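A.B. asks:
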Amino acid sequence: MEYNRKDSYPEVLDKSAGFYNPKNVENLSNELQLGSENTPSHFMELKGEVPQSELAPELRQQQANKWSMKSVAEGIAYFKAGKFTEAFQCLNKALSIDPNNVEGLTARGALYANNGNFAKAIGDFETALKINPGHVNARKYLGETLVARGRSLEEESKYDDAIKSYEACLRIVPFHEEATNSIKYLKDKMVELEENTDLTSSLPPLNITSKVNDVKTTLKQLLAEEKEREGKKKKEKKKRKRHSSSSSSSSSSDDVSSDSSISSSSSDSSQDSGRKKKKKKKKKRRRRKIRRRI
-15 MEYNRKDSYP
-5 EVLDKSAGFY
5 NPKNVENLSN
15 ELQLGSENTP
25 SHFMELKGEV
35 PQSELAPELR
45 QQQANKWSMK
55 SVAEGIAYFK
65 AGKFTEAFQC
75 LNKALSIDPN
85 NVEGLTARGA
95 LYANNGNFAK
105 AIGDFETALK
115 INPGHVNARK
125 YLGETLVARG
135 RSLEEESKYD
145 DAIKSYEACL
155 RIVPFHEEAT
165 NSIKYLKDKM
175 VELEENTDLT
185 SSLPPLNITS
195 KVNDVKTTLK
205 QLLAEEKERE
215 GKKKKEKKKR
225 KRHSSSSSSS
235 SSSDDVSSDS
245 SISSSSSDSS
255 QDSGRKKKKK
265 KKKKRRRRKI
275 RRRI
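At position 186 of the sequence shown (counting the first as 1) the number is 170 in my numbering, and the numbers step up by one without a gap.
So this is what it looks like as structure tokens:
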């Protein structure tokens, strides 16, 4: 059988007559006196146990870890630069390549916690600790995130949930000072609130409806009185206007009469003075006539 050098290996096998012979391996073993029953004898190096690190799944995991760590390093660099969107993209890519990358889970959990998403941050830290219980940063960040969530719940007056969050922190970090002090403070505060509620429980029932009605009636009375006052003020203003108009008319008539009297008196005085002058002239004429006669 002739083979072309350009033929590929599958093409060469396809052209081989022995490739389709089911007893080809058996015949070859008999010719070489190897025996077909002891098949590992064909590969003497496979007789021993193969290390776990050299198996295909482990090799694939190592390869994926190297690829994902590159994206983790880029994500951490973006995180430090304050570029949170790019950081999330890199870390999500890293974890899609290798979901068990502890460094990627820890970095993404820190990014979630920094943005206030405590639930997702705690989930990433817990997953990282399941894969590697001895990871220092994952344990540390989980404790701090639980304390931060406790503070947030405390501000919302959810004291029971806050105490649970602080207690979860103490299970991860047993001697966390802030978590210990916060639990003691909240428990004392809750006892104090219960005592205050017990004191107020002995108060008589509130009579709010009657007081509301009293307030309404008093408001109505005040409004009515205010309307009466405004009406009186309007009436007084009208009276003042009428009085002022009558007084002004009388004063004007008085002024007219006084002017007329003055004019009449002035005319009388002028007439008297004219009469006196005439009398004087007559006297002078008489005197002249008497002198002429003499």
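The beta carbon of each residue, even a glycine, is placed where N, CA and C say it ideally should be.
Computed from a prediction, not measured in an experiment: that's the story for all the values here.
Just to confirm, is the Cβ distance from ASN85 to VAL56 under 9 Å?
C.D. replies: Within the sequence shown, numbered from 1, the residue matching residue 85 stands at position 101. Within the sequence shown, numbered from 1, the residue matching residue 56 stands at position 72. In this structure, VAL56 lies closer than 9 Å to ASN85 by Cβ.
A.B. asks: By Cβ distance below 8 Å, which residues in the same chain neighbour ALA163 in space, the five residues on each side in sequence not counted?
C.D. replies: Counted from its first residue, the sequence shown places residue 163 at position 179. Excluding residues within five positions, the ones whose Cβ falls inside 8 Å are GLY127, LEU130, VAL131, GLY134, TYR150, GLU151, CYS153, LEU154, VAL157.
A.B. asks: Mind checking whether ALA48 and ILE81 have CB atoms under 9 Å apart?
C.D. replies: Numbered from 1 along the sequence shown, position 64 holds the residue referred to as residue 48. Numbered from 1 along the sequence shown, position 97 holds the residue referred to as residue 81. Yes, Cβ-Cβ distance for ALA48 and ILE81 is below 9 Å.
A.B. asks: How long is the line joining the alpha carbons of GLU110 and LYS(-10), rounded to whole angstroms?
C.D. replies: Position 126 of the sequence shown, counted from the start, is the residue given in the question as residue 110. Position 6 of the sequence shown, counted from the start, is the residue given in the question as residue -10. So the two alpha carbons sit approximately 57 Å from each other.
A.B. asks: Identify which residue in LEU75, TYR143, GLY66, LEU203 has its Cα closest to the Cα of ASP172.
C.D. replies: To locate residue 172, count along the sequence shown from 1; it is residue 188. For ASP172, the nearest C-alpha among the options comes from TYR143.
A.B. asks: Using CA atoms only, rank isn't needed, just tell me which of SER(-8), ALA146, LEU95, ALA105 is closest to LEU170.
C.D. replies: On the sequence shown, residue 170 is found 186 positions in, with the first residue counted as 1. Per the Cα distances, ALA146.
A.B. asks: Can you tell me which of ALA71, GLY88, TYR62, PHE72 puts its alpha carbon nearest to the alpha carbon of TRP51?
C.D. replies: To locate residue 51, count along the sequence shown from 1; it is residue 67. Nearest option by C-alpha distance: GLY88.
A.B. asks: Measuring straight from C-alpha to C-alpha, what distance separates LEU206 and ASN180?
C.D. replies: The count along the sequence shown starts at 1 and reaches residue 206 at position 222. The count along the sequence shown starts at 1 and reaches residue 180 at position 196. When only Cα atoms are considered, LEU206 and ASN180 end up about 40 Å apart.
A.B. asks: So VAL86 is in the alpha helix (DSSP H); what residue range does that whole segment cover?
C.D. replies: Numbered from its first residue, the sequence shown carries residue 86 at position 102. Taken as a continuous stretch (DSSP letters only), the alpha helix (DSSP H) holding VAL86 covers 86 to 98.
A.B. asks: Let's test the definition: count the other Cβ atoms within 10 Å of the Cβ of ASP108 and tell me whether it reaches 16, buried, or not, exposed.
C.D. replies: The residue labelled residue 108 in the question sits at position 124 within the sequence shown. Taking all protein chains shown into account, ASP108 has 16 or more neighbouring C-beta atoms within 10 Å of its C-beta and is therefore buried.
A.B. asks: Helix, strand or coil for LYS(-10)? Go by DSSP, reduced to three states.
C.D. replies: As a working note, residue -10 is residue 6 in the sequence shown. Assigned with DSSP and collapsed to three states, LYS(-10) falls in coil, not helix or strand.
A.B. asks: Going straight from the alpha carbon of SER136 to that of GLU178, what length do you get?
C.D. replies: As a first step, residue 136 is located in the sequence shown; it is residue number 152 there, counting from the start. As a first step, residue 178 is located in the sequence shown; it is residue number 194 there, counting from the start. One C-alpha to the other measures close to 22 Å.
A.B. asks: Starting from GLY118, follow the alpha helix (DSSP H) in both directions and report where the run begins and ends.
C.D. replies: Position 134 of the sequence shown, counted from the start, is the residue given in the question as residue 118. Careful: GLY118 lies outside any alpha helix (DSSP H) and carries neither H nor E.
A.B. asks: Count the other C-beta atoms from every protein chain shown that fall within 10 angstroms of the C-beta of THR90, then say buried if there are 16 or more, exposed otherwise.
C.D. replies: Walking along the sequence shown from the start, residue 90 turns up at place 106. By the 10 Å Cβ count, THR90 comes out buried.
A.B. asks: With distances taken between CB atoms, is the gap from GLN73 to GLY93 smaller than 9 Å?
C.D. replies: Residue mapping note: residue 73 aligns to position 89 of the sequence shown, counting from 1. Residue mapping note: residue 93 aligns to position 109 of the sequence shown, counting from 1. Contact: no.
A.B. asks: Label ALA1 either buried or exposed according to how many other C-beta atoms from any shown protein chain fall within 10 Å of its C-beta, with 16 as the threshold for buried.
C.D. replies: Position 17 of the sequence shown, counted from the start, is the residue given in the question as residue 1. Within 10 angstroms of the beta-carbon of ALA1 lie fewer than 16 other beta-carbons, which makes it exposed.
A.B. asks: Excluding the 5 residues preceding and the 5 following LYS222 in the sequence, name in chain order all residues of the same chain whose CB lies nearer than 6 Å to its CB.
C.D. replies: As a working mapping, residue 222 is identified with position 238 in the sequence shown. Taken in chain order, the list of residues that qualify is empty.
A.B. asks: CB SER166 to CB GLU140, shorter than 9 Å?
C.D. replies: The count along the sequence shown starts at 1 and reaches residue 166 at position 182. The count along the sequence shown starts at 1 and reaches residue 140 at position 156. No. Outside cutoff.
A.B. asks: Could you check the C-alpha separation between LYS(-1) and LEU113 for me, to the nearest Å?
C.D. replies: For the purposes of this step, residue -1 is identified with residue 15 of the sequence shown, where counting begins at 1. For the purposes of this step, residue 113 is identified with residue 129 of the sequence shown, where counting begins at 1. Each residue's Cα considered, the two are about 57 Å apart.
A.B. asks: Please state the DSSP three-state secondary structure of PRO41.
C.D. replies: In the sequence shown, residue 41 corresponds to position 57, counting from 1. DSSP places PRO41 in helix when its eight states are reduced to three.
A.B. asks: Let me confirm a value: ILE246 is counted as buried when at least 16 other C-beta atoms fall within 10 Å, else exposed. Which label applies?
C.D. replies: Counting from 1 along the sequence shown, the entry for residue 246 is found at position 262. In this prediction, ILE246 scores a pLDDT of 49, lower than 50, which makes its location untrustworthy; the coordinate-derived value is nonetheless stated afterwards. ILE246 comes out exposed.
A.B. asks: Can you name, in chain order, every residue of its own chain whose Cβ lies under 6 Å from the Cβ of ALA105, other than the five neighbours on each side?
C.D. replies: In the sequence shown, counting from the first residue as 1, residue 105 sits at position 121. Taking C-beta separations shorter than 6 Å and ignoring five residues to either side along the sequence, the partners of ALA105 in its chain run GLY93, TYR96, ALA97, THR129, following chain order.
A.B. asks: Among LYS148, LYS54, GLY66, HIS119, whose alpha-carbon lies nearest the alpha-carbon of ASN76?
C.D. replies: Taking the sequence shown and counting its residues from 1, one reaches residue 76 at position 92. Ranking the options by Cα distance to ASN76, first place goes to LYS54.
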